[in-house]
Every structure is written in structure tokens, then in C-alpha cells.
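2 protein chains.
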Amino acid sequence: MNEFQQQSAEINDLLCILNLLTWDTRTQMPPGGSQSRAQQTATLSGLAQQRLLDPAFEHAARAALSAAEPASVPARAAQQAISAVRALKRVPVELTRDLALTKSAAQDAWADARAHSDFSRFAPHLTRMVDLQRRLADALGYDAHPYDALLNLYEPGLTAATLQPLFSQLRTHHLSLLREVQAQPQPRLDFLERDYDVAAQQILALELAQAIGYDLTRGRLDASAHPFEISFTREDVRITTRYHPNFLPGALFGVLHEAGHAMYEQGVSSELSRSVLASDLLGLYAVGGASYGTHESQSRLWENRVGRSRAFWDQHYPRAQALFSSQLADVTVVEFHRAVNRVQPSLIRVEADELTYDLHIMLRVDIESALIAGDLKVQDLPEMWNARIESDLGLKVPDDARGVLQDIHWSAGLFGSFPTYTVGNIMAAQFYEAAHAALPDLEASLARGEYGPLRIWLTEQVYQHGRTFTPHELLERTTGRGLDAAPYLTYLSGKYRDLYGVTEKETA
Amino acid sequence: MNEFQQQSAEINDLLCILNLLTWDTRTQMPPGGSQSRAQQTATLSGLAQQRLLDPAFEHAARAALSAAEPASVPARAAQQAISAVRALKRVPVELTRDLALTKSAAQDAWADARAHSDFSRFAPHLTRMVDLQRRLADALGYDAHPYDALLNLYEPGLTAATLQPLFSQLRTHHLSLLREVQAQPQPRLDFLERDYDVAAQQILALELAQAIGYDLTRGRLDASAHPFEISFTREDVRITTRYHPNFLPGALFGVLHEAGHAMYEQGVSSELSRSVLASDLLGLYAVGGASYGTHESQSRLWENRVGRSRAFWDQHYPRAQALFSSQLADVTVVEFHRAVNRVQPSLIRVEADELTYDLHIMLRVDIESALIAGDLKVQDLPEMWNARIESDLGLKVPDDARGVLQDIHWSAGLFGSFPTYTVGNIMAAQFYEAAHAALPDLEASLARGEYGPLRIWLTEQVYQHGRTFTPHELLERTTGRGLDAAPYLTYLSGKYRDLYGVTEKETA
Numbered sequence: 001m002n003e004f005q006q007q008s009a010e011i012n013d014l015l016c017i018l019n020l021l022t023w024d025t026r027t028q029m030p031p032g033g034s035q036s037r038a039q040q041t042a043t044l045s046g047l048a049q050q051r052l053l054d055p056a057f058e059h060a061a062r063a064a065l066s067a068a069e070p071a072s073v074p075a076r077a078a079q080q081a082i083s084a085v086r087a088l089k090r091v092p093v094e095l096t097r098d099l100a101l102t103k104s105a106a107q108d109a110w111a112d113a114r115a116h117s118d119f120s121r122f123a124p125h126l127t128r129m130v131d132l133q134r135r136l137a138d139a140l141g142y143d144a145h146p147y148d149a150l151l152n153l154y155e156p157g158l159t160a161a162t163l164q165p166l167f168s169q170l171r172t173h174h175l176s177l178l179r180e181v182q183a184q185p186q187p188r189l190d191f192l193e194r195d196y197d198v199a200a201q202q203i204l205a206l207e208l209a210q211a212i213g214y215d216l217t218r219g220r221l222d223a224s225a226h227p228f229e230i231s232f233t234r235e236d237v238r239i240t241t242r243y244h245p246n247f248l249p250g251a252l253f254g255v256l257h258e259a260g261h262a263m264y265e266q267g268v269s270s271e272l273s274r275s276v277l278a279s280d281l282l283g284l285y286a287v288g289g290a291s292y293g294t295h296e297s298q299s300r301l302w303e304n305r306v307g308r309s310r311a312f313w314d315q316h317y318p319r320a321q322a323l324f325s326s327q328l329a330d331v332t333v334v335e336f337h338r339a340v341n342r343v344q345p346s347l348i349r350v351e352a353d354e355l356t357y358d359l360h361i362m363l364r365v366d367i368e369s370a371l372i373a374g375d376l377k378v379q380d381l382p383e384m385w386n387a388r389i390e391s392d393l394g395l396k397v398p399d400d401a402r403g404v405l406q407d408i409h410w411s412a413g414l415f416g417s418f419p420t421y422t423v424g425n426i427m428a429a430q431f432y433e434a435a436h437a438a439l440p441d442l443e444a445s446l447a448r449g450e451y452g453p454l455r456i457w458l459t460e461q462v463y464q465h466g467r468t469f470t471p472h473e474l475l476e477r478t479t480g481r482g483l484d485a486a487p488y489l490t491y492l493s494g495k496y497r498d499l500y501g502v503t504e505k506e507t508a
Numbered sequence: 001m002n003e004f005q006q007q008s009a010e011i012n013d014l015l016c017i018l019n020l021l022t023w024d025t026r027t028q029m030p031p032g033g034s035q036s037r038a039q040q041t042a043t044l045s046g047l048a049q050q051r052l053l054d055p056a057f058e059h060a061a062r063a064a065l066s067a068a069e070p071a072s073v074p075a076r077a078a079q080q081a082i083s084a085v086r087a088l089k090r091v092p093v094e095l096t097r098d099l100a101l102t103k104s105a106a107q108d109a110w111a112d113a114r115a116h117s118d119f120s121r122f123a124p125h126l127t128r129m130v131d132l133q134r135r136l137a138d139a140l141g142y143d144a145h146p147y148d149a150l151l152n153l154y155e156p157g158l159t160a161a162t163l164q165p166l167f168s169q170l171r172t173h174h175l176s177l178l179r180e181v182q183a184q185p186q187p188r189l190d191f192l193e194r195d196y197d198v199a200a201q202q203i204l205a206l207e208l209a210q211a212i213g214y215d216l217t218r219g220r221l222d223a224s225a226h227p228f229e230i231s232f233t234r235e236d237v238r239i240t241t242r243y244h245p246n247f248l249p250g251a252l253f254g255v256l257h258e259a260g261h262a263m264y265e266q267g268v269s270s271e272l273s274r275s276v277l278a279s280d281l282l283g284l285y286a287v288g289g290a291s292y293g294t295h296e297s298q299s300r301l302w303e304n305r306v307g308r309s310r311a312f313w314d315q316h317y318p319r320a321q322a323l324f325s326s327q328l329a330d331v332t333v334v335e336f337h338r339a340v341n342r343v344q345p346s347l348i349r350v351e352a353d354e355l356t357y358d359l360h361i362m363l364r365v366d367i368e369s370a371l372i373a374g375d376l377k378v379q380d381l382p383e384m385w386n387a388r389i390e391s392d393l394g395l396k397v398p399d400d401a402r403g404v405l406q407d408i409h410w411s412a413g414l415f416g417s418f419p420t421y422t423v424g425n426i427m428a429a430q431f432y433e434a435a436h437a438a439l440p441d442l443e444a445s446l447a448r449g450e451y452g453p454l455r456i457w458l459t460e461q462v463y464q465h466g467r468t469f470t471p472h473e474l475l476e477r478t479t480g481r482g483l484d485a486a487p488y489l490t491y492l493s494g495k496y497r498d499l500y501g502v503t504e505k506e507t508a
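Chains G and Y, in that order, give the protein sequences. Following the working numbering, the numbering of the first sequence begins with 1 at its first residue and continues without gaps. Following the working numbering, the numbering of the second sequence begins with 1 at its first residue and continues without gaps.
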């Protein structure tokens, strides 16, 4: 190891340990531990940041860069370190401190406001947070739109100018498809909400996650209030889920979703372990995936494209019926498949189906980009929110808790992360189309319950590279073009028209 | 916070995080994670040590010392920091590195040797380890016996000169009492090894741990191969146990034992949180207890003095019978109490009863102090071991795995820690006698199942002080004298003669 690699390895170790603190806090820690844990996290983040900003690190990165073959993997690692350090140095210490303080107060205020369904309790904190995010964008720098600087933290290279036409195309398509689907007879849903023993749910979910390729010798599944995936190097990649005793799909598809994230991390080349290319240096987060959107593309691909397919349930429905013999006795695989793919507008993003989910995201993206641009006032949020939910989804928002206050993201300062969910959907369809082209036998192997060929192709094309390439580069290498909504729209239209028996016709 | 307190707080945070890494490794980590975890631990220990050895830390400690009231708590904290730094500086970097490398190789060799029951595979590693421990003792410094330098790492102030007469007195007493007890009719034991549902064992153990005062809002119980207690500040103190589906006392008393350790940590004053007085700076371990022996005194006091008493089971046996109605239907509380206090010589230390346990410890202490003094050769260990087990316990050692190779301690370089188990037993009896003198109603309150008065007295006298006082000072303050075996011998003789119906007579 050269000096840069040695220093990178130790920084990555610290980020992995920070991830462990997060995992423990969310899955294991007794309630009394939270204040000490916050102090431990602050101390360790401080140390990691100190290491990053130590001139010795940049110096070592520059030495490594000049010693490396241009455009080689080591050169990319050094370049990424140098640009992360530069970005970090552009953010004034006082701004970082103000962001941390405001985040802490805003999260408390948000929880309180949501409990009382009273946006006015949160509004002053959100106003302050928006102001700080605008200053953060200015400090980080951007060409066209301040939102670009924040987008770049989650999706390197993504800009508002790329998003705007892409999302506009999606919105038109989704709203039109939604109307078509809503006009059709609706699937049977009653059996989804029967009593489903939690232990049996866990057995089924873990079996399916292992079937698609999640390696439990390098992972584990726990319960948590909000499901997530987190890794401490590729050798220890953990997932969580939430069980509903009276609703089967939640934990089942939740585990497939997180397993998709986890397979990405488990597939990162061991040569990138403990390197900058398995570290989000700006986010102080150990992660091997190239971006939030790329990560989401894999969770969605495995959850939706594979896990909600008819072929998947033709293969695995007998096992589900064996585990839930009374609950699923009167349900055919056709009914089951339709039910877990139902389209049903809802108020809450995290409960949304595959089609309406993007509409929830686009509402949030329109709001946050306008806030950052200064084109929208915080006080006008609830009205805008409620009007859009009504026009898009036909639902009246009964209170702010089930409206504008439902997500933690803005109180946590995560401006710019929402688009990555929908970008992930788009990328998933692009990667899947490319896999299909490369593997003529793909559908047949999936129909046989063989997920290895798809996983191996994704590992070769995407997973193993970690953060070596930008999301755009990964797409270019794999599909020959950048972000493109066409495969996603084709997939969704085909799927839902087929499921709901819509007659084929022209769409916008 | 002054500079010293600030630096101490951050160092303590790092030690708490190191403890979390240990806890996770032993209870949650998937098998694949071990190599990355070792790297993370090495990086974080290195950082903690760097912080300790940074001249700024000693400088801040000296400034704090001169600003503090002499003999005050802040002055003691500063003094402990200064002397820890001095000790650390006396150990050459190469010796620390050699110890780490030898430990790693020796532990592998020990596991292999134990698996094959072949001491010769471990002997060369042990020889090397003994040599390094002797060099460590020389580096740390001592007055009379090199073993003193190592004892001091676990039991500040304890010397071979104190131990020798104390243990000699104990050995004579224990062997004589053992012979007396063995000559009597033996209690009924058959019911201990029935089928005991693990989930019900956990319920009972947790109920009893909470009854004596373990606070689960600041703790949790997990399963692990080797039971332990570990804390990340007083607000998060976790315990583990091991369940045997066919043996009830293991997990039950194991949990009471670890809960005793945990109550000590939970009782440390919150004013000492994140300070040197909740940190073992030499061991790089976050711990609030004054020493290993003091800690063990509390686990033993709650496990044996309280948890194995007749009053305890008069109170709680009905609940045990309710949970294990078929298993305990034909067992009276008298039989149960006798069975969980049976004396039964065994080959394995961790399975030993209260009386023979000390004999196992004293054998190990005689061996390791002689090795460190250079009076015993590694090659002669098995013979000495086997002869002593036969003469003390009347048992033939069938193989090295069940003899000299049974414990991990020596391969891990923990020379000097064994005595603290028996020292803990002695201290437990001294503290209990002092509590008894201070609380005239003690026995009556325990008989009513009220453990608060004892716990509050121990908290005031011992727990709250953390590492402010040495074990010797704690004993002096509480009992008016130093280590004294008399209360322990009185307790043991009284207990076993009563249980086994031995007629009172003079003992040595």
C-alpha cells in the first residue's frame, strides 16, 4: 500500500465504524443510550473529517495521482479524494456547524409538528434550513442552478436541466397511464390483509432474498422502524425490515428491496475494500455503490422487475402457500400477482405502488428545487402540496401529518436526495434492457428461478466497479447512452396494461 | 469543560466505540465480517492510543491537576491520566507490536492445539508469550516481583506478596471444607438437566435480573458463545448469556452474574461519564468499575450471595415453577436451592461450583506467577496441571483440551487477570458484611424480595465512584480494612455446612 492507500484505508475504517454506530442505534440500542451515542458519533465524525482535511491526505492523494497511470482505477481514486477534499474545504466551518445545529433542532420540531399535524411549528425551522442549504449550494458551487450543487452530493453529475424534461415526460406518461388503469376493473385485495405470522414472514422473506443471491454469511436481517441497508465493507452488509402482522407485502418486498441494495454492496470488488472507491467522502459514509440513484436502481430492479414478476411467483408461490396455508388457500397465483402489483393512489409516499410512487417523488422535487431557487416560500408549501395530491391522485389531504409533514428528509437537510428514487427506477429499466440484450436466455433462466445469470451480469457491469465510475459513465458503458426514460416507460405501460387488461393505444 | 475534560471525553467516546465493536463482533456480526472488523478495531485502537500519547493530552492533564483541589475527584482524574500515559510511554513500540503479533498467532495456535488436544502445538507460542510478558513487566516496572507489574494492569495496587498468604489461607480452608462436604450425602440433581425451553429461560432470567435492579431501558440481553457484560457509558450497559436447552442453572445464574456487573456500570455517577474515571486507559477499554476484582465482587455478590440464597428462591421459586410446570413439578424449593448450590469437582473452570472455582483459579495463579518469575518451564505445565487437579479435586485429566488448554487467557496475553476472580469473591464477602452492618434490616428486606436497599447502599459506597478510588481505598472506606479473607471463609463454611448438614467443628 502506498501512503494514499494507507490513509484511505483508515478513513474507510472510520466510515465503516460510523455505519456500525448508525446500524446499532437503529436496531439494537436501548432507549437510554441515545445521548451518549450522539456524542460518540460526533467525536468519530469529527475525527474522520479531520483525517480528510489533514493536508497530509491531499498531499498523499496528489502523489498517488502523479504516480498512477492516467484514467486508471488508482488515478480515479486519487482524483475523487482530491475533489472531495476541495469541496469540503469550500464549506465554511461555521456553515457546517450551523447545519448540524439546525438539523438537530429541525428534526425535533418536525417530529413535534407531525405529531400535532401543525405545519406552523415546523415552518420557521424549514425556512432556516432552506437558507442554509442555499448557502451550502453557493459554497459548493454550480454552473446553472443552485439545486445542481445539492443534487451532486447524491447523484454525481446530475443537474436540474437534465431532470426537468425527464420528469416532465414521466409525469405526463404516469398520469395518463394511471387514468387508464383506474378505469379498469380492480384486482382482488382482501387476502393481503389477513393474519400473517411474523416468524413465517421472516422465513419466506429470507428464503427469497437468498434465492436471488443475498449472501447471509456476509449479512444479516433485523427489524427496525424504517427499513434500510448498510454495509461495513463488502464482507458485512446488513439489511432490516418492518413486519406488519396483518399485511403480507410490506416485509416481503421490503426485504427483496433491501437485498437488492445489499447484493450491490456484496458485489463490489474486494480490491476496492477500504479504499476511496468504497467511501462517500462528502457524506462520511462507507458505501460501495456509485450513487444513490444507482443504488436505488438495484433495489428496485430486484424488488419490482424480478420480485413482482409473474415468473417469480410462478416459481415461489407454492412455498408462500405452504407457509401461509390458510391465508392463501383461496388465492390463485394470478390473483396474488395482480394484488402485489395493484395501483392504488395513497397519501403516503412509503406506502405507494410502483406507478404512483414517482408522482410522490416529482411533487417533492418540484417543491425542493423551487425552494432552493428562491421561487417558493415555505409558508405556501401545504397549499401547493394539497392541491397537487388532489389533482394528481384524486385524494384530499386530511391533515399536514399525512401531507407535507410526512417525510423526515427536509428536517434532516437532505435536499437533493428525493430525485434519486425516480432516477433509480429509470436506471433500473435501462440496466435491465441491457441485460436482456446481452443474455438471450434471461427470461427463461428467471422463469426457472435461476437468478445467477442476471446477478453475475450486473456484478460485472455495475457492482464490482464500486464508485470507480460515475452513474453516467456506468450507463454509457452498459447501455451506450445516458439517462433515458424510454425503457422505463415501455416497461410500466406494458406491465400495467397487461395486468389491468387495457387495450393497446398510443400514449404521449 | 476544561481542555483535559474535553480530551478525556473524546478518548472515552473512542473507547466506548471500541466496546461496541467488541459487542457486535461477539453477538451480531456475520462470519464473513471478521477480517474487516479486525482492521477497523486496529485503526480505532491506534487512534485512541495516539490521542493518549499526544503530548497535548499529558499537558492538559498537568494543567488540570495544578488547577484542581488536591485529592479532589478532578485531581484524581488528572493523576490517573498522567500515570497511565507514563506507563504507556514506558512500553517500547516494538514490544507492543510483538505482543499484538504474538497474541494473534498464539490464539490461532491455541484454538488448533485445543481442537487436537495437543499442548505441544501451543507450547512454542506460549513460551514466546511468557517471554514478552516478562519484558512487559520489566518495562512497566515493579518493586518486588515481576508479576506485580502485570497484576497492576487488572487490580491496581495488588501484589504477589499480598496474594500469596491470602491464597494459601484460602486453599487450606477450601480443601478441608471440600473434603467435609464430599463425605456427606449428596443433593438430588436429576431435575437440573431436563428440557428447559430456551424462550422461557430467557423470560425468567430477565425477570430476575430486573427484580434485583438491572435497568433494561439502559441495557439489553443477547446470546453469545461466552457470556459477558460491556458498557458504552452508564446509559447503555449490555449483557449476554448462553442458553443450554437441557440445563437450567447455566443461563439463569449467568444472567444474574452479568446483571451484577451491569448494575455496577449503571450505578456509576453520571458526572463521571465520558471521563478518565470511566475509562481503563491502559487497557483501551471503557469501564466504570474500579478494577477487575471489584467488578467481579459485584457479579458474584448478586449471583451467589443474593441469587443462590434460600430467601431468593423462597421468593422466586413459584414463578420458576409456573414457567416450568412439568419440569419442576416434583421438586421442592429446598431441593432446588440445594441443587443450584451443589459442590461437584469438575475439570472445567467455567463449569465449577462456588467452592471449587477458587481452586481452579489458584492453580492458574501459581502457574502464571511462576512462569513470569522464571521458576517454571512451559514444557512442564501439563504435568503440573494434571497432578494438581488430581490432588485437589480427585479427578484424572483425560486430555489437554480439558486440562491446561481449556482457557483462552494465556494465548491472549492476559497474564495477571486470573487472581481477580478469587479476589472478587473475597471482596464480595467484605462488602456484604459491611452492608449487613450498615443495614440492620438487610436480611428481612431481601426475604421480602426487596433488593433496593442493598443496591442503593452498594451504589453509594462503590458503584457511583467509578474509578475514583483504588480497590484498596474502596475497601478501606467501606470496611475499615484492606483485603481480608475472613468474611468470605465464614460465609462459605457456614453456607456449605448448613446445606450439607456438616456438624460444626474447628477449622484451620
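Beta carbons are placed, not taken as given, at the ideal position from N, Cα and C, and that holds for glycine.
Beta strand (DSSP E) segment containing residue i, residue limits
i, result
"T490 (chain G)", "That residue, T490 (chain G), is in no beta strand (DSSP E); its alpha helix (DSSP H) goes A486 to Y500."
"V237 (chain G)", "V237 to T241"
Residues that residue i contacts on chain G, provided the C-beta gap is smaller than 8 Å
i, result
"G213 (chain Y)", "Residues of chain G passing the Cβ test: none, with the nearest at roughly 15 Å."
"L178 (chain Y)", "Within 8 Å Cβ-Cβ: nothing; L178 (chain Y) doesn't reach chain G, min ~42 Å."
"D24 (chain Y)", "L20 and D24"
Three-way DSSP call (helix, strand, coil) for residue i in this model
i, result
"E229 (chain G)", "strand"
"M1 (chain Y)", "coil"
"L221 (chain G)", "strand"
"S269 (chain G)", "coil"
"D131 (chain Y)", "helix"
"A511 (chain Y)", "Absent from the structure is residue 511 (chain Y), since the part of chain Y shown begins at 1 and ends at 508."
Separation of residue j from residue i, as counted between CA atoms
i, j, result
"L20 (chain Y)", "I456 (chain G)", "35 Å"
"P453 (chain Y)", "A373 (chain Y)", "45 Å"
"R274 (chain G)", "K103 (chain G)", "29 Å"
"D143 (chain Y)", "Q79 (chain Y)", "21 Å"
"R364 (chain G)", "P382 (chain G)", "12 Å"
"R319 (chain G)", "G449 (chain G)", "13 Å"
"A508 (chain G)", "G267 (chain G)", "Because the pLDDT of A508 (chain G) is 42, which lies under 50, any placement of that residue in the model is unreliable, and the question is left without a value."
"S299 (chain G)", "L272 (chain G)", "21 Å"
"N12 (chain G)", "L163 (chain G)", "32 Å"
"C16 (chain G)", "L328 (chain G)", "42 Å"
"A311 (chain Y)", "A447 (chain Y)", "5 Å"
N-terminal and C-terminal residue of the alpha helix (DSSP H) that residue i is part of
i, result
"L204 (chain Y)", "V198 to I212"
"R97 (chain Y)", "V93 to A115"
Whether residue i touches residue j by CB criterion (8 Å)
i, j, result
"P419 (chain Y)", "L153 (chain Y)", "no"
"I239 (chain G)", "A259 (chain G)", "yes"
"G293 (chain G)", "E265 (chain G)", "no"
"G416 (chain Y)", "M129 (chain Y)", "no"
"D400 (chain G)", "D138 (chain G)", "no"
"L458 (chain G)", "A435 (chain G)", "yes"
"D356 (chain G)", "V343 (chain G)", "In the sequence under discussion, the amino acid at residue 356 (chain G) is Thr, which differs from the Asp named in the question. Taking 8 Å as the Cβ cut-off, T356 (chain G) and V343 (chain G) qualify as a contacting pair."
"S126 (chain G)", "A149 (chain G)", "As written in the sequence, residue 126 (chain G) is Leu, which differs from the Ser given in the question. No; because the gap between Cβ atoms is not below 8 Å, this pair is not in contact."
Beta-carbon neighbours of residue i, restricted to chain Y and to distances below 9 Å
i, result
"G36 (chain G)", "The sequence shown places Ser at residue 36 (chain G), not Gly. The answer, in chain order, is D13, C16, F232, T233, R234, E235, D236, S273 and R274."
Chain Y residues whose Cβ lies nearer than 7 Å to that of residue i
i, result
"L47 (chain G)", "L47"
"M29 (chain G)", "D236"
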